[in-house]
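Counting in the UniProt record's numbering, the sequence shown runs from 1 upward without gaps.
Each remark here refers to the structure printed beneath this line.
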Amino acid sequence: MTAQPPPAAARSAVPGVPADPGEQAYLVLRAVFIVAPVAFGLDKFTGLLADWPTYLAPWIDGLVPGTAQQAMYAVGAVEIIAGIVVAVAPRFGGPLVAAWLAGIILNLLTLGDFYDVALRDVGLLAGAVALTRLAARSPHRPARPTRAHGEDGERRVDERH
Numbered sequence: 001m002t003a004q005p006p007p008a009a010a011r012s013a014v015p016g017v018p019a020d021p022g023e024q025a026y027l028v029l030r031a032v033f034i035v036a037p038v039a040f041g042l043d044k045f046t047g048l049l050a051d052w053p054t055y056l057a058p059w060i061d062g063l064v065p066g067t068a069q070q071a072m073y074a075v076g077a078v079e080i081i082a083g084i085v086v087a088v089a090p091r092f093g094g095p096l097v098a099a100w101l102a103g104i105i106l107n108l109l110t111l112g113d114f115y116d117v118a119l120r121d122v123g124l125l126a127g128a129v130a131l132t133r134l135a136a137r138s139p140h141r142p143a144r145p146t147r148a149h150g151e152d153g154e155r156r157v158d159e160r161h
């Protein structure tokens, strides 16, 4: 006896895209939190998108050694690493990005400016928390058929993983 394919309603209309909306949300959030931290991290070294040292609160600049630009290089390295961790282990990368965003929000609020950016980062923080929760719910691996014996002794394929 073989397992039946899922009903048409449970199958995705697009091949390779999961039918489960939660799995789709997980994949979108994971992609965003891989690309965005790496892109913003790389930009800390190039400065194409922003003059990053202007976003550093003076009290933080006073705490870290070196110049504000050198601090931004360190920030960029952390962001690149965070994106890589999301790619490799989203269960750990999600909380890492969420904590990093909380620190960025604190920095921006104490800077006394860029409240609009801080509000945007609150939205990103919510997305990172959602990624963390979705990553915790299942292993996010495609089901692999396993062989097992049925009650009648015949071999059957079990689609569970």
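Glycine included, every Cβ here is placed at the ideal spot set by N, Cα and C.
All values reported here derive from a predicted model rather than from experimental measurement.
Residue burial is scored here from C-beta neighbours: L56 has at least 16 other C-beta atoms within 10 angstroms and is therefore classed as buried. Where D116 is concerned, the enclosing alpha helix (DSSP H) starts and stops at 115-137. Under the criterion of beta carbons closer than 8 Å, L106 and F114 do not qualify as touching, at roughly 12 Å. In the pairwise beta carbon analysis, the region 62-75 is classified as not touching the region 123-135: fewer than three pairs are separated by under 8 Å.
Shown here, P53 sits in a helix according to DSSP, grouped into three states.
About 15 Å separates the Cβ atoms of V78 and I34, ruling out a contact at the 8 Å cut-off. Taking 8 Å as the cut-off, the beta carbon of A74 is found no closer than this to the beta carbon of V97. Comparing alpha-carbon positions, the option among V64, A102, A39, D116 lying closest to I84 turns out to be A39.
Of the other Cβ atoms in all chains shown, 16 or more fall within 10 Å of the Cβ of A135; this residue is therefore buried.
The beta carbon of G22 sits closer than 8 Å to those of L134, R137, all from its chain and outside the five residues before and after it, given in chain order.
Per DSSP, V32 is one residue of the alpha helix (DSSP H) stretching across 21-46. Using a Cβ distance threshold of 8 Å, T46 and G94 do not count as a contacting pair. The alpha-carbon of V32 is positioned some 12 Å away from that of P90.
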